[in-house]
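Note sheet for the following structure.
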Amino acid sequence: MNLLLNTINGISLGSIYAIIALGYTMVYGIAKMLNFAHGDVIMVGAYICFCTMSYLSLPPAIGVVLAMLVCTVLGIIIERLAYKPLRAAPSLAVLITAIGVSYFLQNAALLIWKSDPKVFTSVLDGVPGLELFGGQLRVTAVTIVTILSNIVIMLALTTFTGKTRTGKAMRAVSEDKGASQLMGIDVNRTISLTFAIGSGLAAIAGVLLCSAYPTLMPTTGSMPGIKAFTAAVLGGIGSIPGAMLGGILLGVIEIFARAYISTQLSDAIVFTVLIVVLLIRPTGLLGKKITEKV
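This is the structure in structure tokens:
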């Protein structure tokens, strides 16, 4: 029974990582840059939802929607102010800028919400879970919603990028920005939309994360953000199904490492698995090897 419970908890945690990783992989796949401020957007979304429910006493659904709206706008602003001027700059300059944006968001959160931990009330507080095997196994409502949200978001993004006109424009920009612009695609708008979608997903992930682990601080998104990036690389960064697969595998490995090996060593085990996978398959599990002519 413990094995099944740990598997379900691992899939739930991995689903949160997968939703965050989808934001990473969307931005990298299209803009070819790593937005390391993504984890801090998660934190902003969680704080917006917390303030909506705790200070304004509004329903959780409004808190989630407001968090998504704020993070979507924040993602667009970050892209326009921090990353768009560096579109032709070396990747190192973009990386340093991303780290700078991350520190800016963390310190802004410290000024606004202070450093003391907040107790986040689950958006599904009071919603009954699922009892199996005569009550021997209880699955919380947060776990069920997290897993279902991950599946729905992954399928929606796959359909969006594969079937819609805008999604096809994103794929074209991912392949060749210059050729896309010559074909009439607004590259700047497409990249901004990508950041908007990724940041909106970050808000959902932040709310689900704090609903499952109800401590909220300005550094809340840092470690989950790093692990989600690890999940994106593990699954094959740039691949939407790969982000989901990598996130779930990472979550299961982490929960099993905590349960059967050591809580202190669980993070080290997770990153060791990543190193081993990349040594064997550098493109990740579902990543494609691309040959460039020079």
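Heads up: the sequence shown begins at 6 in my numbering, then just goes up one per residue. Every residue, glycine too, gets a C-beta built ideally from N, C-alpha and C. No experiment lies behind these values; they were computed from the predicted model shown.
According to the DSSP assignment, V144 belongs to the beta strand (DSSP E) that extends over L142 to V144. Sixteen is the threshold: since fewer than 16 other Cβ atoms of the shown chains lie within 10 Å of the Cβ of V124, the residue is exposed. Here H43 is near A233, since their CB atoms are less than 9 Å apart. Measuring C-alpha to C-alpha distances from E136 to each of L10, A273 and P219 identifies L10 as the nearest.
Of the other Cβ atoms in all chains shown, fewer than 16 fall within 10 Å of the Cβ of T224; this residue is therefore exposed. The shortest C-alpha to C-alpha distance from G34 to any of M175, R263 and G256 is the one to M175. Taking the Cβ atoms as the reference, V32 lies roughly 14 Å from C76, outside the contact range of under 8 Å.
In the structure shown, the three-state DSSP call for T224 is coil. Exposure of S96 is indicated by the presence of fewer than 16 other C-beta atoms within 10 angstroms of its C-beta. Look at K37 here: in three-state DSSP terms it is coil, with no helix or strand label. For L290, the three-state secondary structure derived from DSSP is coil.
By the neighbour-count criterion, in which 16 or more other beta carbons inside 10 Å mark a residue as buried, M249 falls on the buried side.
Where E136 is concerned, the enclosing beta strand (DSSP E) starts and stops at L135 to L137. The stretch 238-255 makes no contact with the stretch 88-107; the number of CB pairs closer than 8 Å stays below 3. In the assembly as shown, L254 is a buried residue. Its beta-carbon has 16 or more other beta-carbons within 10 Å. As the crow flies, the alpha-carbon of M222 is around 9 Å from that of A51. DSSP, read as helix, strand or coil, puts V128 in coil. Exclusion of the five residues before and after N155 leaves S20, A23, I24 and M249 as the residues of its chain whose Cβ lies within less than 7 Å of its Cβ. For A114 against M48, the beta-carbon gap comes to about 6 Å, under 8 Å, which counts as contact.
Contact check for A161 and G80: beta-carbon distance about 18 Å, past the 8 Å limit, so the pair fails to qualify.
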